[in-house]
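From first to last, the protein sequence lines stand for chains X and L. Position one of the first sequence corresponds to residue 0 (numbering that gives the first Met the number 0), numbered consecutively onward. Position one of the second sequence corresponds to residue 0 (numbering that gives the first Met the number 0), numbered consecutively onward. A virtual CB, placed ideally from N, CA and C, is assigned to each residue, including glycine.
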Amino acid sequence: MKSNSLGEFEELVLLMVAALHDEAYGVAILQNLEEKVGKKVNISAIHVALKRLETKSFVKSRYGGITTSRGGRRKKFYVITATGKAALDAQYSLRTSIYQQIPNISFGR
Amino acid sequence: MSKQPPKLALSFLRWFCKPEFLEEIEGNLTELYEIQHRRSPWKANLRFGWNVLKTLRPELTRSLFPKYPINPITMFRHNFVITVRNFRRHKSSFFINLIGLSTGLASALLIYLWVNDELQMDKFHANDSRIYRLLEHVDEATGMKTGTHSSGSMAQALEEEMPEVEFAAAVLGPYDGITLSTGEKNVKSNGRIVNNDFFKMFSYSLIEGTVDNIWAEKNSIVISEALAQNIFGTSIDVLGRTLKLQHNEEYTISGIFENTPSNSSEQFSFAIAFEEFATQEGREHLLSWGSTPATIYVMLRDGVKVEDFNVKISDFVQIKREKEVRFRTPFLVSYSDYYLFGNYENGKQAGGRIEYVRLFSIIAIFIVIIACINFMNISTAKASRRQKEVGIKKATGASRFSLVFQYLGESTLITAIALVIAVGLVWTLLPQFNIITGKELNLNLQSVEILTMAALVLVTGFVSGSYPALYLSGFKPAAVLKGKVSSAGGETWIRKGLVILQFTISVVLIVSVLVVYKQIEYTQTKSLGFNREHVMLVERERPDNDMEHLDAYIEELKAIPGVINASTTGHNLSGGVWGVYGFEWEGKDPNDNTHFEHMAVYYEVLEIFEMDLVAGRTYSQEFSNEQDKAIFNEAAIAHMGLENPVGTTIKFWGREKEIIGVVKDFHFESLHNEVRPMLISLRPGNTEQWIIKVKPGMERDVIAGLEDFQQKNNPGFALVYSFLDEEYQKQYVAEQRVSVLSRYFATLAILISCLGLFGLAAFNVELRTKEVGIRKILGSSNMAILRLLSADLTKLVLVAIIIALPISYYLSSNWLTRFAFAIELEWWLFAGSGLVAMLIAFITVSMQTIKAAGANPVESLKEE
């Protein structure tokens, strides 16, 4: 298995997939991310991130039913896997453990 | 549903995106588009395009090559094996193609070498782009002539007065047959008289001596390496040695230059200084602005536009001659272009050798096309044999592209084999070709040549393979494997068209060959107005103005056994030599500056040439003051408009001259030109050659006698002689070459065409064996079957002839316009050519059909 580290943007996408649970597909992820982060994100960045997450088996995907919008194309929904959840947990606990080591610094406003 | 996203971007996305991602990505992009479209359709379009572009990422685009490629080497080997097997199985068509393509390529290569050499002519000078030749438009009031020569002072004047000029060279010559001697050794050589700038301007590199000081000493001579070898046996340490010119003046060698390269139009072995030569006594005319003895070359400075410069010098002669001469307009043309574009008509550039370059390039292309057509026709005609192969390949998943590739590979392979043979052919034929073209061509396989040949193979392979490849790969596998022989109407139509094209080209070539041949024959047999048979011309070596001397020499010549008559002349009637103007007669248009050809003669020259007098008499020793008399040709009399010429007095260069005779027009130039006005005057001082009428069959005795004569009177000079009819031939060298070459190439073209026709006929007969058998059983005669089988193909040739005749009529009448005296294009020339083509085609076809018609029907019908 290749390096299973998570890039910053990948982590955001993976979090969003987990958060949207079962309703996560390209455009939904995009809209929610833009809303949360507060800046424009290009759809192709999300596509690439999803492909990478999938090859690292952090997410799995399935096609939705045929719709009349979207030019007749099906949606592809993503769900976080156990490995994906574990990776998020590991990242999260790593961060919190380091964060807790920070002494109580005062920046004295 | 609202509007569709932009089509172009969408199809681009579909093209590059990995297929397994396309569903998702296209869906997402479309959804975004739809959302945005509600707000602003215009922005949505832009956004969509932008998103498509952003999707161009390595992870999302598909590979240019299939993920599981067919191993190209295996495939290549497979194709190769199939090709070789196919060649072996169909040996006859393989050899027909091979012979056609290799001879076609060989002639294309030969022509390429020749054309390339012509195009490279004179281009080797380092400053080629800035070197120009000076020509002069001369307005003769009756028409514009373009003179190649100018005044000797022109070079110096231009260099001094025009800041744009870097160098200007004046050149006199060529002087052929000049005797150089040292001690007992005499060598005939040819040289130029050149000014100081000549070696600075042109890239004739000096091996010994430097450009700046070769002319430092008086009486210096610069010789070529080969001449040094010839005279001294070495080219080392010859500087400072002396040579005698014409056993007269002594010159010191001040430099040695590399032999003039074969791609130089100027070929010379020595040079002496113009400045020194022209300033000697009695040579004032060389520097006078009134005469035009010198060739002038000019090298402009960097960045000077020749068009501007030409405007500036257009009145240069006028100013020099104080407005006295208005009709000479000098102008510059590129020196190296002049070789190919050397003809001027009425002041306009009118082709030159470039026409032959174009002509032969076209012929080369045509011959290769004919060979390609053979390949196309035979491969498509035999397509039925390969239908199964195509069907199976397609059924097992071969794409059309890979089939096209296979067949193109096949044609390229056969072309490559043909090229190897062609190179061998060129190798063996080149010496012969060099003799015909008068060139020194080599087939040196350098990178440029190899690239050219590779390109030739690829292009030829592609052209000949393209149609068969598309045709063969287009079969429907299901139909083919079921056994349906697909034979679309279009396919035979194209094949017929190609045969017609082949024979059209062939017939045009046959007619052209006939026309050229007839015209050459015409120049040989046309009565020229004088007798050129059994007339010898001998170089006299020195001018001699002493009439008593001349008479004594002539008596001596006449005493040689075999000599009927002898005299001396300044004109050998094989091309124009000396144009003069400045005649005055009653009623002359003051602007008329027509040049009259000037023929300087001695007594009895007109009798030796057997010219006819229209009126009056010739020069005779019985009369006195003959030098003040004049004889004109009819053209001159007509030009001056004199009613009763004999006895009339005209003025020439200020002296009165009485006309004593008029000669019938004769052709003193090639038949390209009309007969121009000519003055024949008795000027022994301007005569140059002995002219001797010889008894037929006594030539050897006369030459022996002349050797003795030369030994006695001109010791140290080798005897140089020629026959007048040979000199006459030299005027048609270009036409002779074209005649010989076009004959070869036309023969080749028709041979290759017939080869193809032969292949087609063989195939047709094979296809119809059963039909012929059944017809015979039902009582058809051999003749009827012969007619049936031959009709198809011969009909095509007939159509080709009908198309070809008008084209060839147009082309040949066009070619004949360059002769002032040309043959009539008679109907039988065309009918004959058509008949010949028809006959050849018929014989080719019937070689196959007779065999088929005579075959026993049992043989063809017993099986199946």
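Does the ligand SAH have even one heavy atom less than 7 Å from the beta-carbon of residue i?
{"i": "E668 of chain L", "result": "Although the ligand SAH was asked about, the structure shown includes no ligands whatsoever."}
Can you list, in chain order, the residues of its chain whose CB lies under 6 Å from that of residue i, leaving out five sequence neighbours each side?
{"i": "Y337 of chain L", "result": "R132"}
{"i": "N258 of chain L", "result": "S223, E224, A225"}
Going by C-alpha to C-alpha distance, which of the options sits closest to residue i?
{"i": "I98 of chain L", "options": "L:F841, L:L747, L:V796", "result": "L:L747"}
{"i": "S4 of chain X", "options": "X:G71, X:L93, X:K75, X:K39", "result": "X:L93"}
{"i": "D236 of chain L", "options": "L:L285, L:E207, L:A370, L:I312", "result": "L:E207"}
{"i": "N590 of chain L", "options": "L:Y32, L:L134, L:K122, L:E139", "result": "L:E139"}
{"i": "Y77 of chain X", "options": "X:L14, X:S68, X:I97, X:Q99", "result": "X:L14"}
{"i": "M837 of chain L", "options": "L:Q847, L:S780, L:K199, L:T793", "result": "L:T793"}
{"i": "A453 of chain L", "options": "L:I435, L:V419, L:L424", "result": "L:V419"}
{"i": "F86 of chain L", "options": "L:R385, L:K438, L:G833", "result": "L:R385"}
{"i": "H91 of chain L", "options": "L:I679, L:A107, L:F762", "result": "The identity of residue 91 of chain L in the sequence shown is Ser, whereas the question assumes His. Answer by Cα proximity: L:F762."}
{"i": "F359 of chain L", "options": "L:D196, L:L108, L:E25", "result": "L:L108"}
{"i": "S101 of chain L", "options": "L:P162, L:I366, L:E555, L:K775", "result": "L:I366"}
{"i": "S333 of chain L", "options": "L:L797, L:E583, L:I553, L:L134", "result": "L:L134"}
{"i": "T54 of chain X", "options": "X:I79, X:T95, X:N31, X:L11", "result": "X:I79"}
So is residue i buried or exposed if we call it buried at 16+ other beta carbons inside 10 Å?
{"i": "N194 of chain L", "result": "buried"}
{"i": "T843 of chain L", "result": "buried"}
{"i": "P102 of chain X", "result": "exposed"}
{"i": "V732 of chain L", "result": "exposed"}
{"i": "Y98 of chain X", "result": "exposed"}
{"i": "E19 of chain L", "result": "exposed"}
{"i": "S566 of chain L", "result": "buried"}
{"i": "G866 of chain L", "result": "The question about residue 866 of chain L has no answer, for chain L in this structure spans 0 to 863."}
{"i": "R129 of chain L", "result": "buried"}
{"i": "G239 of chain L", "result": "exposed"}
{"i": "T427 of chain L", "result": "exposed"}
{"i": "A394 of chain L", "result": "exposed"}
{"i": "Y91 of chain X", "result": "exposed"}
{"i": "W214 of chain L", "result": "buried"}
{"i": "A819 of chain L", "result": "exposed"}
Here's a check: name, in chain order, each residue in its chain whose Cβ is nearer than 7 Å to the Cβ of residue i, leaving out the five neighbours to either side.
{"i": "H148 of chain L", "result": "T291, P292, A293, T294"}
{"i": "A487 of chain L", "result": "With a pLDDT of only 48 at A487 of chain L, under 50, the local geometry of the prediction cannot be trusted, and the value read off the model is given with reservation. Counting only Cβ-Cβ distances below 7 Å, and skipping sequence neighbours, we find nothing."}
{"i": "F15 of chain L", "result": "L55, T60, R61"}
{"i": "N781 of chain L", "result": "A852, G853"}
{"i": "R864 of chain L", "result": "No information on residue 864 of chain L is available, as it lies outside the stretch 0 to 863 that chain L covers here."}
{"i": "Q405 of chain L", "result": "N78"}
Check whether the Cβ atoms of residue i and residue j lie closer than 8 Å to each other.
{"i": "E603 of chain L", "j": "N564 of chain L", "result": "yes"}
{"i": "R191 of chain L", "j": "V170 of chain L", "result": "yes"}
{"i": "N309 of chain L", "j": "F326 of chain L", "result": "no"}
{"i": "D632 of chain L", "j": "V662 of chain L", "result": "Strictly speaking, residue 632 of chain L in this sequence is Asn, with Asp absent from that position. Contact flag set, yes."}
{"i": "G408 of chain L", "j": "N78 of chain L", "result": "yes"}
{"i": "P467 of chain L", "j": "T524 of chain L", "result": "no"}
{"i": "L766 of chain L", "j": "K495 of chain L", "result": "no"}
{"i": "H89 of chain L", "j": "K517 of chain L", "result": "no"}
{"i": "R654 of chain L", "j": "E596 of chain L", "result": "no"}
{"i": "V515 of chain L", "j": "E668 of chain L", "result": "no"}
{"i": "T451 of chain L", "j": "W113 of chain L", "result": "no"}
{"i": "V479 of chain L", "j": "G390 of chain L", "result": "yes"}
{"i": "E657 of chain L", "j": "K692 of chain L", "result": "no"}
Sorted by chain position, which residues of the same chain lie with C-beta nearer than 8 Å to residue i's C-beta, five sequence neighbours on each side aside?
{"i": "I95 of chain L", "result": "N373, I377, L754, G755, F757, G758"}
{"i": "S180 of chain L", "result": "V186, L242, K243, H246, G715"}
{"i": "K75 of chain X", "result": "Y24, G25, S60, R61, Y62, G63"}
Kindly say whether residue i, judged by its beta-carbon, lies nearer than 8 Å to any beta-carbon of chain A.
{"i": "R61 of chain X", "result": "As a matter of chain content, chain A is missing from the structure shown, whose protein chains are X and L."}
Does the count of Cβ pairs from the region 4-12 of chain L and the region 43-56 of chain X closer than 8 Å reach three? Touching, no.
Would you be able to state if there are at least three C-beta pairs under 8 Å between the region 148-158 of chain L and the region 353-369 of chain L? Two segments are said to touch when three or more pairs of C-beta atoms, one from each, lie closer than 8 Å; by this definition the region 353-369 of chain L does not touch the region 148-158 of chain L.
Check whether the region 280-290 of chain L touches the region 224-241 of chain L, taking contact to mean three or more Cβ pairs, one atom from each stretch, closer than 8 Å. No, because fewer than three Cβ pairs between the region 280-290 of chain L and the region 224-241 of chain L fall closer than 8 Å, the two stretches do not touch.
Using 8 Å as the threshold, is the region 391-407 of chain L in touch with the region 470-479 of chain L, meaning 3 or more CB pairs across them? Per the Cβ contact rule, the region 391-407 of chain L is in contact with the region 470-479 of chain L (3 or more Cβ pairs under 8 Å).
Quick test of the definition: if touching needs 3 or more C-beta pairs under 8 Å, does the region 525-534 of chain L touch the region 598-612 of chain L? Segment contact: the region 525-534 of chain L against the region 598-612 of chain L, three or more CB-CB distances shorter than 8 Å; contact assigned.
Does the region 710-724 of chain L come into contact with the region 809-816 of chain L, if we say contact requires no fewer than three beta-carbon pairs (one atom in each stretch) closer than 8 Å? Taking a cut-off of 8 Å on C-beta distances, the region 710-724 of chain L does not touch the region 809-816 of chain L, as fewer than three cross pairs fall below it.
Is the number of C-beta pairs between the region 211-222 of chain L and the region 249-264 of chain L that are closer than 8 Å three or more? Contact between the region 211-222 of chain L and the region 249-264 of chain L is present, because at least three Cβ pairs lie under 8 Å.
Answer yes if the region 21-38 of chain L comes into contact with the region 64-80 of chain X, meaning at least three C-beta pairs across the two stretches below 8 Å, and no otherwise. These segments touch.
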